[in-house]
Amino acid sequence: MSTFVCVIIATFLTCISCSDRPIVGILAQESVYEGKNVSMIPGSYVLMMEGSGTRVVPIFINQNQSYYDKILSSINGVVFPGGNLDLLQNGGMVKAANLIYDYARKANQKENVFPILGVCQGLELLAYLSSNKLWPLKPCKGMMNVDLPLEFVVDYATTSLFKNAKKEDIYTFIHKNSTVNHHSWCLTRNSMKKFGLDKHWRTLTVNKDSDGMEFISTFESFSYPFAGLQFHPEKCAYEWGLGQNNMHTMDAISANRVFYDWLAAKARESKNHFETVKDEMEASIFNYVPTFTGKNGGYSQLLYIFH
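Residues -18 to -1, 1 to 289 (mature numbering (1 follows the signal peptide of the UniProt record, and there is no 0)) make up the sequence shown, in order.
As structure tokens, then:
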């Protein structure tokens, strides 16, 4: 084999694991579409991750252990997306999330960075998993379809999640109704203490529901690159349903990039990579065609539906 060919092959293989080629997995979840049981991923999460400079692979539910071992060792981070599942039913998403959570903790303990971002239901899932599957959440009122500012309870500059945000974006979070809330469960600081979660998670911001009950709107792990948001950053730029009161101002869109940019930056520190380019291509979300569910009044504009 010529020296030139060897150099080309070596360069090609090295690029599979380049830190500027991160790949993030988005966890699918159970759903029903046209009367059939399916799993799905809202397209807005894919678009947000791509907008932050990562590629995306779906992480399927109800798979065997070898599937999760292979996919998790190949990707650089995970999104636990929002939704309306009953997490206590311990369905396919919860079981897969539990495996991912365990893998991510062990990877980070071995100094292989592996971040997780939990969005809305994803924050609830992180709280549930880290409380040994006890239920630390409380019902909250008036948080469906509501835009709110954030109240910081720590200096944002001391946090992993917000420290690299532009001052203009922090101003937007504090002074404008810039976060999109669609949830009926809330995590309070009292519950964090009761279930011992305050030993694992640092509360960054809070909000109040329509009855004045304070709840946690963002938290991050003390030990790992894990963060949870009770709101939906992706809805500002990518969810346009007329029945949703999603904030679409340029200020809100810019500010809400902070969270997916954080995940992308952490993913670039990961050592994981696919063994071959073929494996990488076969896992890509590009192999699937999203469905325009918003056309018929769907909650999400786009869904990746897996039968």
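The beta carbon of each residue, even a glycine, is placed where N, CA and C say it ideally should be.
Item to complete: Look up residue 328 in the DSSP assignment and give the residues it is bridged to.
Response: Since the first residue shown for the chain is -18 and the last is 289, residue 328 is missing from the structure and cannot be characterised.
Worksheet item: Rounded to whole angstroms, how far is the Cβ of L67 from the Cβ of M75, which I believe are closer than 8 Å?
Response: 6 Å
Worksheet item: Does the distance from the CB of L132 to the CB of F155 come in under 8 Å?
Response: yes
Worksheet entry | For Y270 and Y286, believed in contact at Cβ under 8 Å, the rounded distance | Contact between Y286 and Y270 holds, since their C-beta atoms are separated by about 5 Å, short of 8 Å.
Worksheet item: In whole angstroms, what separates the C-alpha of G124 from that of Y85?
Response: 36 Å
Discussion item. Quick check: the Cα distance between F134 and F197, rounded to an integer number of angstroms?
Written reply: 12 Å
Worksheet item: Do the CB positions of L116 and L211 come within less than 8 Å of each other?
Response: no
Practice prompt. Starting from N168, follow its DSSP beta bridges and name the residues at the other end.
Written response: Sequence check: residue 168 is Cys here, not Asn. Per DSSP, K120.
Item to complete: Inspect the beta-carbon positions of I57 and V6 and report whether they are closer than 8 Å.
Response: yes
Discussion item. Pull the bridge partners of G210 from the DSSP assignment, please.
Written reply: G210 pairs with G100 and F201.
Discussion item. Below 8 Å, how does it come out for the region 148 to 166 and the region 200 to 219: are there three or more Cβ pairs, yes or no?
Written reply: yes
Item to complete: Spatial neighbours of K77 within its chain, please: CB distance less than 6 Å, with the 5 preceding and 5 following residues excluded, ordered by chain position.
Response: none
Fill in: Distance between Y206 and K92 (C-alpha atoms, nearest Å)
Distance between K92 and Y206, taken at the CA atoms: about 11 Å.
Discussion item. Just verifying my parser: in three-state terms, what is the DSSP assignment at R87?
Written reply: helix
Discussion item. Out of S21, S13, R3 and D51, which one is the CA nearest neighbour of E38?
Written reply: The displayed chain sequence assigns Val, not Glu, to residue 38. Ranking S21, S13, R3 and D51 by Cα distance to V38 puts R3 first.
Worksheet item: To which residues of the same chain is R171 closer than 8 Å at the C-beta, ignoring the five residues directly before and after it?
Response: Counting only Cβ-Cβ distances below 8 Å, and skipping sequence neighbours, we find D180, T185, V188, E196 and I198.
Worksheet item: Which word fits P121, buried or exposed, when buried means at least 16 other C-beta atoms lie within 10 angstroms of its C-beta?
Response: exposed
Worksheet item: Short check: CB of V20 to CB of H289, under 8 Å?
Response: yes
Worksheet item: Looking only at its own chain, which residues have a Cβ that is under 8 Å from the Cβ of E202, when we skip the five neighbours before and after it?
Response: T141, S142, L143, W183, R184, L186, F208, A209 and G210
Worksheet item: Would DSSP call F(-7) helix, strand or coil?
Response: Because F(-7) sits at a pLDDT of 45, beneath the cut-off of 50, its placement in the model cannot be relied upon, and the following sentence gives the value as read from the coordinates. DSSP places F(-7) in helix when its eight states are reduced to three.
Worksheet item: Exposed or buried, which one is L70 when buried takes at least 16 other CB atoms within 10 Å?
Response: Classification for L70: exposed.
Worksheet item: Which partner residues does I287 have in the DSSP bridge list?
Response: M22
Worksheet item: Which of helix, strand or coil does DSSP assign to residue 290?
Response: Beyond the ends of the chain as shown, which are -18 and 289, falls residue 290; an answer cannot be given.
Fill in: Strand pairing of T161, partner residues [DSSP]
L130
Discussion item. Please classify T258 as buried or exposed, where buried requires at least 16 neighbouring CB atoms within 10 angstroms.
Written reply: exposed
Worksheet item: Considering only C-alpha positions, which residue in the set D51, L169, F274 and Y49 is nearest to Y108?
Response: Note that residue 108 is Leu in the sequence shown here, rather than Tyr. Closest option to L108, Cα to Cα, is L169.
Item to complete: Could you tell me whether the Cβ atoms of I267 and V28 are closer together than 8 Å?
Response: yes
Item to complete: Answer yes or no: do S34 and A246 have a C-beta to C-beta separation smaller than 8 Å?
Response: yes
Discussion item. So if DSSP puts N189 in a beta bridge, which residue, or which two residues, is it bridged to?
Written reply: F197
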